[in-house]
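K.L.:
There are 2 protein chains.
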Amino acid sequence: MSTSEPPSSGRATSRPTQRDVARLAGVSTATVSYVLSGRRGPGRLPTPETAERVARAADELGYAVDHMARSLRRQRSEVLAVVYTPPSSPWSDLLVEQLQTQVADRGETVIALPVSATTPPDTAWRALRRGYVDGAIVLADTPVDATELRALARRGLGLVVVDEDVEPDGFDVVRQGRAAACRAAVEHLVAAGHRRIGYLAQAHETADGPGSLRLRTYLDVMAAHGLPVDAELVRPVADSRSAAYAAVQELLRQLRPPTALFSATDRAAVDGIWAARDAGVRVPDDLAVIGVGNIAEGLMISPPLTTVGAPELDFTPLVQRLVARVDSRETLASETLEMPWTLIRRGSA
Amino acid sequence: MSTSEPPSSGRATSRPTQRDVARLAGVSTATVSYVLSGRRGPGRLPTPETAERVARAADELGYAVDHMARSLRRQRSEVLAVVYTPPSSPWSDLLVEQLQTQVADRGETVIALPVSATTPPDTAWRALRRGYVDGAIVLADTPVDATELRALARRGLGLVVVDEDVEPDGFDVVRQGRAAACRAAVEHLVAAGHRRIGYLAQAHETADGPGSLRLRTYLDVMAAHGLPVDAELVRPVADSRSAAYAAVQELLRQLRPPTALFSATDRAAVDGIWAARDAGVRVPDDLAVIGVGNIAEGLMISPPLTTVGAPELDFTPLVQRLVARVDSRETLASETLEMPWTLIRRGSA
DNA sequence: CTGAAAGCGCTTACAG
DNA sequence: CTGAAAGCGCTTACAG
Chain A
17 MSTSEPPSSG RATSRPTQRD VARLAGVSTA TVSYVLSGRR GPGRLPTPET
67 AERVARAADE LGYAVDHMAR SLRRQRSEVL AVVYTPPSSP WSDLLVEQLQ
117 TQVADRGETV IALPVSATTP PDTAWRALRR GYVDGAIVLA DTPVDATELR
167 ALARRGLGLV VVDEDVEPDG FDVVRQGRAA ACRAAVEHLV AAGHRRIGYL
217 AQAHETADGP GSLRLRTYLD VMAAHGLPVD AELVRPVADS RSAAYAAVQE
267 LLRQLRPPTA LFSATDRAAV DGIWAARDAG VRVPDDLAVI GVGNIAEGLM
317 ISPPLTTVGA PELDFTPLVQ RLVARVDSRE TLASETLEMP WTLIRRGSA
Chain B
17 MSTSEPPSSG RATSRPTQRD VARLAGVSTA TVSYVLSGRR GPGRLPTPET
67 AERVARAADE LGYAVDHMAR SLRRQRSEVL AVVYTPPSSP WSDLLVEQLQ
117 TQVADRGETV IALPVSATTP PDTAWRALRR GYVDGAIVLA DTPVDATELR
167 ALARRGLGLV VVDEDVEPDG FDVVRQGRAA ACRAAVEHLV AAGHRRIGYL
217 AQAHETADGP GSLRLRTYLD VMAAHGLPVD AELVRPVADS RSAAYAAVQE
267 LLRQLRPPTA LFSATDRAAV DGIWAARDAG VRVPDDLAVI GVGNIAEGLM
317 ISPPLTTVGA PELDFTPLVQ RLVARVDSRE TLASETLEMP WTLIRRGSA
């Protein structure tokens with residue numbers, strides 16, 4: 017334990033304000049503000065002596081600017097958010113980190129705002145609506161509502177949304193071309209001669225439901241090639257590692273087991289490979305496997321996972337766009353950026 | 017695309033304020049505030065007719081309360097944070113979610129505040145210092161500074177810190193008893209007759225450095241039983257899946273390979289099991305493996321991973337303590353909570 | 001170069 | 001039951 021803390025007053029002191037600092041330094045709060053913010057009014061900066069006195073007083077009092085007051089006055093919170101739906105992933109971690117490092121010099125704070133499906137769905141949006149942050153990047157797979165997004169943008173929130181469908185309108189949209197990439201994956205399996213291709217679906221996917229891009233793509237390609245899709249070939253296990261493992265084991269025990277698997281998630285694909293290996297089924301010879309998402313774990317397994325995802329790990333264009341939009345304060349034209357997914361061929365298919 | 021949006025004014029309208037609502041409803045801003053917040057002053061609530069008029073006006077204008085102004089006035093941000101060091105884990109996700117659901121009815125917002133090692137380390141703390149949030153749970157493995165924590169608490173920030181060393185002082189501390197649990201793990205291996213026990217270390221661990229609890233525990237137990245620790249038995253690969261896989265393969269090819277492995281992380285332990293299996297080494301017969309952290313993935317592999325970690329998935333005590341502390345506004349006595357780790361015996365050792 | 005003062009948008013005793 | 005007014009802690013033209 018450090019004991020460098022100066023002997024405290026004992027009772028819980030409330031936070032010192034600029035008035036306290038001003039009083040101690042013998043100047044006005046305006047001067048305190050100028051010195052501490054490093055900003056300058058129409059005139060020149062305070063003299064070094066004044067600045068020094070103020071800095072010492074602030075230090076002595078342990079002064080830190082009050083975020084709410086500054087934000088209210090500046091009409092800027094200097095907070096940027098990354099909105100996403102759990103589970104958090106290496107991708108969300110990476111984006112948060114890149115955002116943090118790239119805006120650190122501007123003094124902005126970066127927060128993560130997970131909007132969980134099991135949580136009152138409105139909580140994260142409400143935070144955005146109330147002006148809690150200046151801008152946000154909304155990651156793919158977050159349920160978004162175009163009307164809500166437009167309203168947020170109209171209120172002055174800087175918004176960059178990763179989504180395949182929504183149209184830019186006061187906010188920017190990033191397209192990944194997921195459908196095309198998934199199509200390429202299934203086509204790849206078909207071209208390799210596979211006819212019985214299983215699909216590990218996410219729990220919420222239904223043949224005609226929204227957000228079932230991968231399932232529909234799978235069904236489309238199968239149909240386009242006249243390949244049958246038994247109901248038993250489609251398993252809603254892509255969200256659960258254990259369920260995926262069990263389902264693949266079960267599939268492989270069937271009379272006519274699939275020779276290829278397309279999985280809506282890399283995690284389930286990895287578990288599928290485990291299941292195959294544990295069952296003595298060779299990958300990719302006896303069972304080809306393709307996942308979706310390009311997570312790092314796919315590189316660790318043997319054979320490494322063929323997958324569909326973003327080849328790049330660089331979110332700079334996204335970050336820069338958010339910064340530009342927040343700075344522009346709504347005067348920027350809405351744009352569509354492309355960060356296309358591709359089929360990343362590795363060992364498993 | 018939805019087209020239900022009313023035809024907008026075209027230009028970017030700024031956010032409506034309570035004054036706008038008051039004007040439209042023909043009442044004072046005080047009445048607007050009372051109606052919209054559901055609070056009541058000394059008198060009774062506004063009449064239903066008034067409330068109705070206000071509600072309609074607010075709706076028409078698309079009014080949402082301004083977070084900064086409310087926070088400044090109430091001296092409460094109604095935001096709670098979970099502070100942790102990436103990578104985010106199922107544990108951090110779970111805590112965030114439990115916190116969200118348990119405070120949702122109080123209207124509080126929950127954010128995640130990842131403090132990355134590669135980021136200017138001060139950024140997250142600065143946010144806390146500025147009064148951006150009312151309270152925070154600081155997860156284990158976050159580098160904490162006792163002096164800073166005390167200063168934050170003194171400022172009125174509600175703080176619950178998961179850490180083995182820091183002493184409660186205006187904030188609460190949660191102990192996990194990691195050392196004892198890790199000790200039990202290594203003792204378990206020794207008791208099973210293992211003499212060559214490898215250790216997969218985290219990158220920053222050094223024999224005498226801080227935050228090297230697991231390494232020291234390993235060395236202590238080995239020494240206590242007179243077991244030799246070759247330098248080559250300790251590998252700093254626990255942070256990287258690929259490095260762990262390669263290191264274990266390499267270890268197993270040695271003249272005198274280890275017969276047991278203690279890994280500072282479950283992830284590396286899982287990769288170690290893969291490596292062993294790929295090398296034709298049976299787990300646990302030829303190689304016993306114990307990890308740390310109790311991640312879900314450990315249940316998926318075969319054999320399931322023996323590990324050290326929290327047996328419970330329930331953060332309720334932690335959440336309740338944070339809520340109590342934030343509500344108490346510093347008058348609460350500081351406490352130490354116990355959420356002990358244990359050795360969770362499964363198949364791999 | 002520095003200070004007095006207004007005002008950001010709320011909430012909340014206090015009068016009426 | 002409702003309104004006028006003060007004030008939360010800052011920032012920033014505006015005078016001096």
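Chains as they are written, first to last, in the working numbering: chain A, 17 to 365; chain B, 17 to 365.
Where is the CB? At the ideal position from N, CA and C, for every residue including glycine.
Keep in mind it's a predicted model, so treat the numbers as computed, not measured.
May I have the straight-line CA-CA distance separating E124 of chain B from Q116 of chain B, to the nearest angstrom?
P.N.:
Counting from one through the second sequence, the residue named residue 124 of chain B turns up at place 108. Counting from one through the second sequence, the residue named residue 116 of chain B turns up at place 100. Answer to the nearest angstrom: the Cα atoms are 8 Å apart.
K.L.:
Taking buried to mean at least 16 other C-beta atoms within 10 Å of its own C-beta, is R35 of chain A buried or exposed?
P.N.:
Residue 35 of chain A sits at position 19 when you count from the first residue of the first sequence. Label assigned to R35 of chain A: exposed.
K.L.:
What's the C-alpha gap between T352 of chain A and L334 of chain A?
P.N.:
Counting from one through the first sequence, the residue named residue 352 of chain A turns up at place 336. Counting from one through the first sequence, the residue named residue 334 of chain A turns up at place 318. Distance between the alpha carbons of T352 of chain A and L334 of chain A: 11 Å.
K.L.:
Between V81 of chain A and V43 of chain A, is the Cβ-Cβ spacing less than 9 Å?
P.N.:
The residue you call residue 81 of chain A lines up with position 65 of the first sequence. The residue you call residue 43 of chain A lines up with position 27 of the first sequence. Cβ atoms of V81 of chain A and V43 of chain A: not closer than 9 Å.
K.L.:
What in chain A is Cβ-close to A387 of chain B, meaning under 8 Å?
P.N.:
The structure shown does not extend to residue 387 of chain B, since chain B is modelled only from 17 through 365, so no value can be given for it.
K.L.:
Using a beta-carbon distance cut-off of less than 8 Å, what residues from the region 147 to 180 of chain A approach chain B?
P.N.:
Against chain B - using a Cβ distance shorter than 8 Å - the residues of the region 147 to 180 of chain A are G147, Y148, D161, A162, T163, R166, A167, R170, R171, G172.
K.L.:
Is there a Cβ of chain B sitting closer than 9 Å to that of V93 of chain A, yes or no?
P.N.:
Residue 93 of chain A sits at position 77 when you count from the first residue of the first sequence. First, the amino acid is wrong: residue 93 of chain A is Ser here, not Val. Closer than 9 Å: yes.
K.L.:
Within 9 Å (strictly less), CB to CB, does T323 of chain B reach chain A?
P.N.:
Walking along the second sequence from the start, residue 323 of chain B turns up at place 307. No, because no Cβ of chain A sits closer than 9 Å to the Cβ of T323 of chain B.
K.L.:
Straight-line CA distance for G309 of chain A to V286 of chain A?
P.N.:
As a first step, residue 309 of chain A must be located in the first sequence, where it is residue number 293. As a first step, residue 286 of chain A must be located in the first sequence, where it is residue number 270. One C-alpha to the other measures close to 12 Å.
K.L.:
How about the region 298 to 309 of chain B and the region 240 to 256 of chain A: do they share at least three Cβ pairs that are nearer than 8 Å?
P.N.:
At 8 Å Cβ cutoff, the stretches do not touch.
K.L.:
Considering G288 of chain A, what are the terminal residues of the alpha helix (DSSP H) in which it resides?
P.N.:
Position 272 of the first sequence, counting from 1, holds the residue named residue 288 of chain A. Counting along the chain, the alpha helix (DSSP H) containing G288 of chain A begins and ends at 282 to 294.
K.L.:
Cβ of S93 of chain A within 9 Å of Cβ of G54 of chain A?
P.N.:
Here the question's residue 93 of chain A lines up with position 77 in the first sequence. Here the question's residue 54 of chain A lines up with position 38 in the first sequence. Going by C-beta atoms, S93 of chain A is not nearer than 9 Å to G54 of chain A.
K.L.:
From the DSSP output, in three-state form, read off G314 of chain A for me.
P.N.:
Here residue 314 of chain A corresponds to residue number 298 of the first sequence, with the count starting at 1. DSSP places G314 of chain A in helix when its eight states are reduced to three.
K.L.:
How close, in whole Å, do the beta carbons of L129 of chain A and G214 of chain A come, if the pair is a contact with beta carbons under 8 Å?
P.N.:
Position 113 of the first sequence, counted from the first residue, corresponds to residue 129 of chain A. Position 198 of the first sequence, counted from the first residue, corresponds to residue 214 of chain A. No, L129 of chain A and G214 of chain A are not in contact; Cβ-Cβ is about 36 Å, not under 8 Å.
K.L.:
Between which two residues does the beta strand (DSSP E) holding V178 of chain B run?
P.N.:
Taking the second sequence and counting its residues from 1, the one referred to as residue 178 of chain B is at position 162. 174 to 178 is the extent of the beta strand (DSSP E) around V178 of chain B.
K.L.:
If you measure beta-carbon to beta-carbon, which residues of the region 43 to 68 of chain B are closer than 9 Å to chain A?
P.N.:
The residues in question: there are none.
K.L.:
Anything in chain B within Cβ reach of R31 of chain A, meaning under 8 Å, just list it in chain order.
P.N.:
Locating residue 31 of chain A in the first sequence gives position 15, counting from the first residue. The answer, in chain order, is G147, R171, G172.
K.L.:
Verify the CB distance criterion: does S372 of chain A have a CB-CB separation below 9 Å to chain B?
P.N.:
Absent from the structure is residue 372 of chain A, since the part of chain A shown begins at 17 and ends at 365.
K.L.:
By the criterion of Cβ-Cβ separation under 9 Å, what are the contact partners of R15 of chain A in chain B?
P.N.:
Only positions 17 to 365 of chain A appear in the structure, and residue 15 of chain A is not among them; the question remains open.
K.L.:
Specify the secondary structure class of S87 of chain B as computed by DSSP and reduced to three states.
P.N.:
Here residue 87 of chain B is taken as the residue at index 71 of the second sequence, counted from 1. Correct three-state label for S87 of chain B: helix.
K.L.:
Indicate whether at least one CB of chain B lies closer than 9 Å to the CB of S279 of chain A.
P.N.:
By 1-based counting over the first sequence, the position of residue 279 of chain A is 263. With 9 Å as the cut-off, S279 of chain A does not count as an interface residue toward chain B.
K.L.:
Among the residues of its own chain, which have a CB less than 7 Å from the CB of D179 of chain A, if the five just before and after it don't count?
P.N.:
Walking along the first sequence from the start, residue 179 of chain A turns up at place 163. Excluding sequence neighbours, D179 of chain A sits near A156, V160, V189.
K.L.:
How about R337 of chain A and V176 of chain A: are their beta carbons less than 9 Å apart?
P.N.:
Counting from one through the first sequence, the residue named residue 337 of chain A turns up at place 321. Counting from one through the first sequence, the residue named residue 176 of chain A turns up at place 160. Yes. Within cutoff.
K.L.:
Could you check the C-alpha separation between S30 of chain B and R171 of chain A for me, to the nearest Å?
P.N.:
Along the second sequence, one-based indexing puts residue 30 of chain B at 14. Along the first sequence, one-based indexing puts residue 171 of chain A at 155. About 6 Å.
K.L.:
For A340 of chain B, tell me which candidate among B:A133, B:D150, B:L110, B:T101 has the shortest Cα-Cα distance.
P.N.:
Residue 340 of chain B sits at position 324 when you count from the first residue of the second sequence. The residue with the shortest Cα to Cα distance from A340 of chain B is B:D150.
K.L.:
Which of helix, strand or coil does DSSP assign to D343 of chain B?
P.N.:
As a position in the second sequence, residue 343 of chain B is number 327, starting the count at 1. It is helical.
K.L.:
Going by alpha carbons, who is nearest to I306 of chain B out of B:L359, B:V48, B:V95?
P.N.:
Locating residue 306 of chain B in the second sequence gives position 290, where the first residue counts as 1. Closest by alpha carbon: B:L359.
K.L.:
For the candidate residues A:V95, A:L173, A:Q91, whose alpha-carbon lies nearest to that of L348 of chain A?
P.N.:
Counting from 1 along the first sequence, the entry for residue 348 of chain A is found at position 332. Ranking A:V95, A:L173, A:Q91 by Cα distance to L348 of chain A puts A:L173 first.
K.L.:
Could you have a look at R272 of chain B and say whether DSSP puts it in helix, strand or coil?
P.N.:
Along the second sequence, read from residue 1 onward, the residue named residue 272 of chain B stands at position 256. In the structure shown, R272 of chain B sits in coil (DSSP, three-state: anything other than H, G, I, E or B).
K.L.:
Name the two residues that bound the continuous beta strand (DSSP E) containing Y215 of chain A.
P.N.:
Walking along the first sequence from the start, residue 215 of chain A turns up at place 199. Here the beta strand (DSSP E) through Y215 of chain A covers 213 to 216.
K.L.:
Taking 9 Å as the cut-off, decide whether the C-beta atoms of L168 of chain B and R145 of chain B are in contact.
P.N.:
As a working mapping, residue 168 of chain B is identified with position 152 in the second sequence. As a working mapping, residue 145 of chain B is identified with position 129 in the second sequence. Their beta carbons are under 9 Å apart, which means L168 of chain B touches R145 of chain B by this criterion.
K.L.:
Kindly say whether L235 of chain B, judged by its beta-carbon, lies nearer than 9 Å to any beta-carbon of chain A.
P.N.:
Within the second sequence, the letter at position 219 stands for residue 235 of chain B. It does not: the Cβ of L235 of chain B has no partner Cβ on chain A nearer than 9 Å.
K.L.:
Within the chosen definition, does the region 257 to 270 of chain B reach the region 314 to 328 of chain A through at least 3 CB pairs nearer than 8 Å?
P.N.:
Contact between the region 257 to 270 of chain B and the region 314 to 328 of chain A is present, because at least three Cβ pairs lie under 8 Å.
K.L.:
Looking at the secondary structure, which residues open and close the beta strand (DSSP E) in which D138 of chain A lies?
P.N.:
Numbered from 1 along the first sequence, position 122 holds the residue referred to as residue 138 of chain A. Where D138 of chain A is concerned, there is no enclosing beta strand (DSSP E), given that its DSSP letter is neither H nor E.
K.L.:
Do I311 of chain A and W141 of chain A have their C-beta atoms closer together than 9 Å?
P.N.:
Counting from one through the first sequence, the residue named residue 311 of chain A turns up at place 295. Counting from one through the first sequence, the residue named residue 141 of chain A turns up at place 125. Not a contact, by the Cβ cut-off of 9 Å.
K.L.:
Name, going along the chain, the residues of the region 113 to 136 of chain A whose beta-carbon falls closer than 7 Å to a beta-carbon of chain B.
P.N.:
Hits within the stretch, in order: E113, Q116, T117, A120, T125, I127, A128, L129, P130, S132, T134, T135, P136.
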